[in-house]
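Undergrad: Here the working numbering = 1-based position in the sequence shown + 1124.
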Amino acid sequence: MTDRLAELSATGVAIWLDDLSRTRLSSGGLDQLRREKHVVGVTTNPTIFAKALSDADEYNWQLRDLATRGVTVEESARMLTTYDVRWACDVMRPAYDATNGVDGRVSIEVDPRLAHETDKTVAEAKALWWLVDRPNLFIKIPATADGLPAITATLAEGISVNVTLIFSLERYAEVMDAFLAGLEQARANGHDLTKIGSVASFFVSRVDSEVDKRLDRIGGEAADAEGKERTAALKGRAAIANAQLAYQRYSEVFSSDRWQALADAGAHPQRPLWASTSTKNPDFRDVIYVEELIAPGTVNTMPEAVIHAYADHGETRGDTVTGAYDDARGVLDALTAAGIDLADVVAVLEREGVEKFEASWNELLDGVRKSLDAAAHGAATPNKAAGGNP
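1. Under the criterion of a Cβ to heavy atom distance below 7 Å, does residue 1437 qualify as lining the ligand NAD?
2. May I have the straight-line CA-CA distance separating residue 1311 from residue 1233, to the nearest angstrom?
3. Do three or more CB pairs link the region 1452-1464 to the region 1435-1442 at distances below 8 Å?
4. By how many angstroms is the C-alpha of residue 1202 removed from the C-alpha of residue 1230?
5. Please go through the region 1357-1441 and give each complete alpha helix (DSSP H) segment of 4 or more residues, from N-terminal end onward.
6. Contact between the region 1330-1337 and the region 1354-1369: three or more CB pairs below 8 Å?
7. With a 10 Å radius around its C-beta and 16 neighbouring C-beta atoms as the bar for buried, classify residue 1379 as buried or exposed.
8. For residue 1507, is the classification buried or exposed, using 16 other Cβ atoms within 10 angstroms of its Cβ as the cut-off for buried?
9. Is the beta carbon of residue 1265 closer than 8 Å to that of residue 1247?
10. Taking all protein chains shown into account, do 16 or more other C-beta atoms lie within 10 angstroms of the C-beta of residue 1357, making it buried, or fewer, making it exposed?
11. Bridge partners of residue 1258, per DSSP?
12. How close, in whole Å, do the beta carbons of residue 1272 and residue 1206 come, if the pair is a contact with beta carbons under 8 Å?
13. From the DSSP output, in three-state form, read off residue 1151 for me.
14. Take the Cβ of residue 1170 as the centre, count every other Cβ of all protein chains shown within 10 Å, and call the residue buried at 16 or more, exposed below.
15. Any idea what DSSP makes of residue 1480, helix, strand or coil?
16. Roughly how many whole angstroms lie between the Cα atoms of residue 1219 and residue 1500?
17. Span of the beta strand (DSSP E) holding residue 1177?
18. Using 8 Å as the cut-off, can you tell me whether the region 1368-1377 makes contact with the region 1476-1484, which would need three or more C-beta pairs spanning the two stretches below that distance?
19. Give every residue of the same chain whose Cβ lies closer than 6 Å to the Cβ of residue 1132, excluding the five residues on either side of it in the sequence, and list them in chain order.
20. Output the distance between the C-alpha atoms of residue 1350 and residue 1339, rounded to the nearest integer angstrom.
Encoded structure:
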């Protein structure tokens, strides 16, 4: 049988899992994906943790102990999530060692309610880094205007960062500048640049969802069949074009003299990471955001269903990005000509992204609160998971 995931990995695409739960850890499922499906990293977010903790059975023993100690809801949420991330870091450690620290990374996000508070974001990043205490950790910081200086300051402390919620080419350029500034400061502060990692998480499918919704509206208002056909032909093309042009900017920045000075000091480049790679439109091929974004030095973080789909029928056609820049620019130009305000699209997506993660974080806290109350009143089941790895 063809090992399609091995073929994908051989092109220079790092395959990461976009999911984590205590059940996945205790069952050995994550380690199995590492061993059998070429998974070399893990990303998490508040939505993933809210879903994981909604099934409290695997967490009952820890909830009972937290309730007995009278730990606050917010600190309990951090104890629960960092326990899972620490365990995942240990599972992924072989990939970290095999790639000299490039892969084998696991991400945990700062409280999304701090997305517009620079100093508090840095403080929490430092706390999470200390709390998880694993070299293959990534701290996720959103690429808001206030997040940019937090990214630089966190990297300057020698802490590895996953920059998340990137939608626009302009913001991505600012993210790369923040990364370079952070490494320059880290070097000045005496940190070993070989130990610092970073990825820039460029969101994909959400761009198509927002653009295509607007195209449907424009097409519905079109006076003639030609206008309707023109808008229909642009559906499902914005996200890939946007990401392809992001890779072009990455290639330019990481071939600059400024970067070379850091590379000479042992720094690893900040790789583009394609996030939100499950298709939201059932009319699209289920692995389109993998197949059309194959390029060396990238990461594609996928839900498990997408990993299995690619293993079953994904097509690895070599680099599908670097030869597509002219076509990608043509797509964005055509979208603008059709009446799509791309600047407004990415502004809406960034705002909604922060709001969605805030809502998930609040959902997580509410679930923890209810579970702590149940544990305090003896409703939790007996300890059956205390043998966890960390």
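Just so you know, even glycine gets a beta-carbon here, dropped at the ideal spot from N, CA and C.
TA: With the given structure in hand:
1. Absent from the structure shown: the ligand NAD. Ligands present: none.
2. 25 Å
3. no
4. Rounded to the nearest angstrom, the two C-alpha atoms are 15 Å apart.
5. The alpha helix (DSSP H) runs of length 4 or more contained entirely in the region 1357-1441 are, from start to end of the chain, 1362-1377, 1381-1387, 1412-1415, 1428-1437.
6. yes
7. exposed
8. At residue 1507 the pLDDT is 42, less than 50, meaning the model places this residue with poor confidence; the figure from the coordinates comes in the next sentence. Residue 1507 should be labelled exposed.
9. no
10. exposed
11. Note: residue 1258 sits in no beta bridge, so no partner.
12. Rounded, the Cβ-Cβ distance is 25 Å, inconsistent with contact.
13. Coil at residue 1151, not helix or strand.
14. buried
15. In the three-state reduction of the DSSP assignment, residue 1480 falls in the helix class, which pools H, G and I.
16. 40 Å
17. No beta strand (DSSP E) contains residue 1177, which is instead part of the alpha helix (DSSP H) from 1170-1178.
18. no
19. 1440
20. Approximately 14 Å between the Cα atoms of the pair.
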